[in-house]
Amino acid sequence: MASQFLFLAFIAITCSIALATDPSSLQDFCVADPVRSVPVNGLVCKDPRFVEANDFSFSGLHLAGNTSNTVGSHVTSVNVAQIAGLNTLGISIARIDYAPWGVNSPHTHPRASEVLTVLEGSLQVGFITSHPENRLITKILHVGDVFVFPVGLLHFQRNIGYGNAVAIAALSSQNPGVITIANAVFGSNPDISSDVLTRAFQVDKDTIYNFQSRF
Ligand SMILES: *[C@@H]1O[C@H](CO)[C@@H](O)[C@H](O)[C@H]1NC(C)=O
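Residues -20 to -1, 1 to 195 in mature numbering (1 follows the signal peptide of the UniProt record, and there is no 0) are what the sequence shown spells out, letter by letter.
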């Protein structure tokens, strides 16, 4: 009996701390106050009396992003920085544009799972499992197809068509964060020591300097 109770208590504690999304809201809303900058986990609430419809709105997601860059893709993020009313709600959205053969480079969102919906074109998508092996789980998506990237896992998309592609991503955080692997590893400020990177990537220093010069 005692052991059963302990087991249930253990499950309850484990469940209560293993939140998969942002903590849930304790009021109708907590529109981020653009003026006050008290450092809290999230953003300070604006006085509800001064909250208005525009605090819950963003315009412009019908506009294509500029994909004239080295990777051939562009992410238009709509998170708590664009819609103050998303503060404490645990969700956000983004539009992703892809030039023909453009790539949304391998990256992770430290705080969000992602549901991607293809609106135009065809994409190869994939994510890498963490344990016990780095397995690539990949699929070809067409218009109307939906794919899930679990929180924290490394993932990417590639336009495999001759035309432009467009996708909408829904994310389970008001502020998902993004770590693009190439930029983070080879373009951090200050640089990671080449001694670390030559060992990690098993290449010589010139190769590392070459990568670092690109990011
Ligand atoms: C798109 O970005 C490129 C590279 O930064 C720039 O030269 C070009 O003017 C931009 N195009 C538009 C329509 O803004």
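Don't be surprised by glycine CBs; every beta carbon is placed ideally from N, CA and C.
{"query": "Under the three-state DSSP convention, the category residue 66 falls into", "result": "helix"}
{"query": "Nearest-angstrom Cα separation, counted from residue 174 out to residue 73", "result": "37 Å"}
{"query": "Contacting residues, own chain, Cβ-Cβ under 7 Å from residue 119 (five flanking each side not counted)", "result": "105, 127"}
{"query": "Distance between residue 31 and residue 183 (C-alpha atoms, nearest Å)", "result": "55 Å"}
{"query": "Under the three-state DSSP convention, the category residue 150 falls into", "result": "strand"}
{"query": "Distance cut-off 6 Å: residue 46 Cβ against heavy atoms of ligand 1", "result": "yes"}
{"query": "Identified DSSP bridge partners for residue 42", "result": "BP columns for residue 42 are empty, so no partner."}
{"query": "Per-residue burial, residue 37 [other beta carbons within 10 Å of its own, 16 or more giving buried]", "result": "exposed"}
{"query": "Within 7 Å, strictly: CB atoms of residue 92 and residue 131", "result": "yes"}
{"query": "Residue from 10, 51, 90 whose Cα sits closest to the Cα of residue 159", "result": "90"}
{"query": "Chain-order list of residues whose beta-carbon lies under 6 Å from that of residue 181 (same chain, five-residue window excluded)", "result": "none"}
{"query": "Limits of the beta strand (DSSP E) - the one that residue 178 falls within", "result": "That residue, residue 178, is in no beta strand (DSSP E); its alpha helix (DSSP H) goes 174 to 181."}
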